[in-house]
Amino acid sequence: MNPTVDNRAARGDKAGLHAFIVGVSEYPYLPPAGTPVEQQKWPDFGMRRLTAGASSAFAVFEWLVANQDLLHVKLATCRLLLAPTPAEAARLVMPPGAGAYGPADHATFGRAANAWRDDASTRNGNVTFFYFAGHGVQRGEEHHYDQVLLLSGFGDPDTPILKEGVELDELTRGMTISAERMKVARNQLYFIDACRSTPDGFAEFNLIKADSFFRTVPKSVVDSRNCILFYATVPGSAAYSGPAQTYFSGALLQALKGGAGVDDKWKDANGDPLWCVTANSLIEALNYYKEEIYTRTGISLSFQTSGLGPTLIIAHLKDPPQVDIVVEIVAPPPFAGIKLSVSADETEVKVFEQPLEPHPRPETLPAGLYQIAATVHPPQGVPTHRDLRKSLAAKPPGTKWYLKLPTAPTPSPPS
Amino acid sequence: MKPIFDRRDELAGKPGLHALIVGISDYTHLPNDDEEAPKDDFACRKLTSGAITAYKIYQWLIRRQDRLAVPLASCRLLLAPSEREAKDEKALDELKVPCNVNDFLTAANAWCQDAQGNRDNTTLFYFSGLGKELSRSEPIIMLQDFGSPVGPVLRGTVSVNNLLYGMSPTERQKDIARTQLFFLDSSRVILPELQSYQVANTTRVFDAALLGVDDRRAPVFYAAPPGGRAFAVKGQQTLFSTVLLDCLNGDAAVPEEIDEEGNEPHWCVTISSLIDGLGQGLKALNEKNRRYKIEQHFTVGGLVRDAVLHYLDAAPQVEVRVEVAPAGAAKRTRVELIDDQGKKFATTKDSSNPQIFTATVPGGFYGLTAVTEGEAVEQKTRMRLVKPPHTQWKVKVAGEPDR
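Same order as they appear, the protein sequences are chains C and W. Okay, so the first sequence: first residue is 426 according to our numbering, each after it adds one. Okay, so the second sequence: first residue is 764 according to our numbering, each after it adds one.
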């Protein structure tokens, strides 16, 4: 299957990122979204058509294409399979230069997966990026808690239950380093934006096996891949979605756009930071947005990960990301006349006057290190002095600055 | 099973850390480490580092009992040392206990019980011994009676997923510790295809229910990636534990966020800094061990969310290494570090390389100035965080470029 975005010729013999993105909303064999669920029974097991699977996958695709030159390993190919609802299909505008997306059924998935794996197997330095949004089910301990992703034909009463299923274990094991594929990408990212619950009705059946899709699943030689999986939820739980986008993809994109920015690397001799998003920084940012989603919607999410290891840079950021700062003065002294000066590289960027209104005070600053100084202007002619002096980091995605101000100097009696 | 370290009464009502540490070298039914491995699917032998490794982790916990994020409340220790370990470290002989699967079940369930009653509790599980992988997402650990001819092939093993999910907050254990740390210091070589009935017969430790929202911090630190091996020096601790302890002792330290009372940050090791620290530490160790042609990798899974694990007693001393370019000007340059309170720290020029300046300073935020004789402008750099294990800096000063 031809990739939707194909930069292979331009990449030449350089390593590239090979993406495979799948989003399923339209499950024609399932009842429409919103149909009440009475029982989780065969053949639909209580599942309904979705409204945001395809648009979430498309949003991830758009980010990848728009930021292809900022990826640590540049985009070589992207295969996109979508099953959008009619409303979603009407909103999809392919970026310039991109081809068409394919249907998200099992047969097409299999062809795309094999082609994706072939591309990924050309150089060790390659990176793979897999994203799936749609229905998913989890099998229990007897299947090692393996998750099965459900493609658009799921629910057809004339076919085996998981004929349209993709075992995540097959996907990740099929991408292992093997005698057949010694040059497969050593860095592999998987984003699984689907439920991990087991429908009650599964208990009534034996041999619920998903159809295979890789031509071969060879035995691993030494699996020294960084094979990192990010899950939208934990085993036994559902993944949630708003009407137009899944919560996980929303958090993921915010994180990739800068919320997960870190500056551990230095781009030049004078210490200008190189902002980037790493697999490890993604975790913390996802957790931050998860809390934000809870505050906003009351929906409690549990993201999970596996395979984290040494730092792996995913993408670079053009500029320091903007950080939501909350400034809180702790135990404010009982008089006005305190000025808080926030400087970066000896240049004042912000001034806060007491009393701070509102308090705590929300601010937005570019990520980085700031020096904070409090200048006290006491009311009775005591000389101005600086008592608080500290460095604080504005760390994406959000930081709280608790500032303990100096107590007021005792005014000297008039002579 | 009673803990070997017990402050539960003293800390009653307060959050505490409950540890379960298991180190097995002496596997009853397996051949010695210098004998030929059996030609079955497992090809396992006795070990020489499992018990000593676990003992060192135990010693560290005891030593740092009041500097953990929550104080150490209980520690259960299951050690099955090899003869060699017991000879080299006398304490191991005294601490030796049976570590069969039933002993493990007893200890693990008592540990799980202690973890309940306060969501602010923390648990720590450390296993050092044999391990395998049933499938990519199903690692198992092997207890002392693994290989026994009685019962199913995998009776003497326990699935890591069963431990992880068995400790999850469910209706039955609503108030279980929400911070749970798992360290699996064992190999994860994938077993050849076993029959499904064999795979299903690991021993369950807990009723592992997959229900509801899991709001734990529950990272699982593996000493090996799936299919990989965990290495050790014979008779000494494992490579993973060596780096882990270095990280916990300060190599992975970062300044804590300023607390809600505005107090100055303490230096601490967090889940996130530990992941970064292990990456750097193992990379350095692998460089050092290159001639042995072994590489120790690690991986982290589970529910990763940052939390403080351990507080240092003071800001760590960090070696800063500044490289000045161009070389010609470096000879005439003086480099100073300046902390965020304006205090200056001189650097020393490396005798073997005049471009390198070093200083050892307490971790914190520093800027750098480089003054070059004969040049009007002094070079200043941005402030940056100086943190362990070491910080490297490059600075370009005015002067003729190197040819």
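Using N, Cα and C, we set each Cβ at its ideal position, and we do this for glycine too. Just so we're clear, the structure is a prediction, and the values are computed from it rather than from any experiment.
Run through DSSP, which three-state label would residue i get?
i, result
"W:V1160", "coil"
"C:D544", "helix"
"C:A740", "strand"
"W:P861", "coil"
"C:R433", "helix"
"W:F945", "strand"
"C:H713", "Per the sequence shown, the amino acid found at residue 713 of chain C is Tyr instead of His. Three-state DSSP puts C:Y713 in a helix."
"W:K1150", "coil"
"C:S725", "coil"
"W:F867", "helix"
"C:L765", "strand"
"W:K853", "helix"
"C:P827", "Going by the sequence as given, residue 827 of chain C is Tyr instead of Pro. Of the three classes helix, strand and coil, the one that applies to C:Y827 here is strand, per DSSP."
"W:T811", "coil"
"C:G675", "helix"
"W:L957", "coil"
"C:G793", "strand"
"W:G1044", "helix"
When you compare the CB positions of residue i and residue j, do they come within less than 9 Å of one another, or not?
i, j, result
"W:I1038", "C:G684", "no"
"W:K1157", "W:V1085", "yes"
"W:L831", "W:I767", "no"
"C:D636", "C:G561", "no"
"C:A458", "C:R474", "yes"
"W:H1153", "W:V1081", "yes"
"W:T1121", "W:T1111", "yes"
"W:L926", "W:F945", "yes"
"W:G786", "W:I820", "yes"
"C:P822", "C:Y713", "yes"
"W:G991", "C:V646", "no"
"W:G1025", "C:Y827", "yes"
Would you report the Cα separation of residue i and residue j, rounded to the nearest angstrom?
i, j, result
"C:L765", "C:D749", "18 Å"
"C:T597", "C:C652", "8 Å"
"W:A873", "W:F969", "11 Å"
"C:A515", "C:E451", "13 Å"
"W:M1146", "W:L1131", "7 Å"
"W:T965", "W:I904", "10 Å"
"C:A444", "C:V518", "19 Å"
"W:F890", "C:A529", "43 Å"
"C:A523", "C:F534", "19 Å"
"W:P915", "W:S922", "14 Å"
"W:S837", "W:G892", "22 Å"
"C:W541", "C:G441", "12 Å"
"C:R564", "C:I724", "24 Å"
"W:D1009", "C:A680", "31 Å"
"C:K608", "C:R548", "5 Å"
"C:R911", "W:Q1104", "The structure shown does not extend to residue 911 of chain C, since chain C is modelled only from 426 through 840, so no value can be given for it."
"W:V1083", "W:L835", "34 Å"
"C:K682", "C:S674", "12 Å"
"W:A1161", "C:A477", "57 Å"
"W:P1079", "W:P1028", "13 Å"
Going by the C-beta, is residue i closer than 8 Å to any heavy atom of the ligand NAP?
i, result
"W:G892", "Absent from the structure shown: the ligand NAP. Ligands present: none."
Does the Cβ of residue i have 16 or more other Cβ atoms within 10 Å, making it buried, or fewer, making it exposed?
i, result
"W:S1114", "exposed"
"W:Q1087", "Sequence check: residue 1087 of chain W is Val here, not Gln. Per the 10 Å Cβ criterion, buried."
"C:T671", "buried"
"C:E716", "exposed"
"W:K716", "For residue 716 of chain W there is no data in the structure shown, the boundaries of chain W being 764 and 1166."
"W:D1076", "exposed"
"C:H568", "buried"
"W:I784", "buried"
"C:E463", "exposed"
"W:Y1055", "exposed"
"W:L1118", "Note on identity: in this sequence residue 1118 of chain W is Gln, with Leu being the wrong assignment. W:Q1118 should be labelled buried."
"C:P668", "exposed"
"W:V1017", "buried"
Write down every uninterrupted run of the beta strand (DSSP E) in the segment 567 to 653 of chain C whose length is 3 residues or greater and which is fully enclosed by it, in chain order. Those beta strand (DSSP E) runs which fall completely within the segment 567 to 653 of chain C and span 3+ residues are 572 to 575, 590 to 592, 612 to 618.
Unbroken beta strand (DSSP E) runs of length 3 or more, entirely within the segment 444 to 511 of chain C: which are they? Within the segment 444 to 511 of chain C, the complete beta strand (DSSP E) runs of at least 3 residues are 500 to 508.
May I have a chain-ordered list of the alpha helix (DSSP H) segments no shorter than 4 residues that lie completely inside the segment 962 to 1021 of chain W? You should have 1002 to 1009.
Alpha helix (DSSP H) segments (min. 4 residues) lying fully within the segment 897 to 936 of chain W: Counting whole runs of 4 or more residues, the segment 897 to 936 of chain W contains the alpha helix (DSSP H) stretches 923 to 929.
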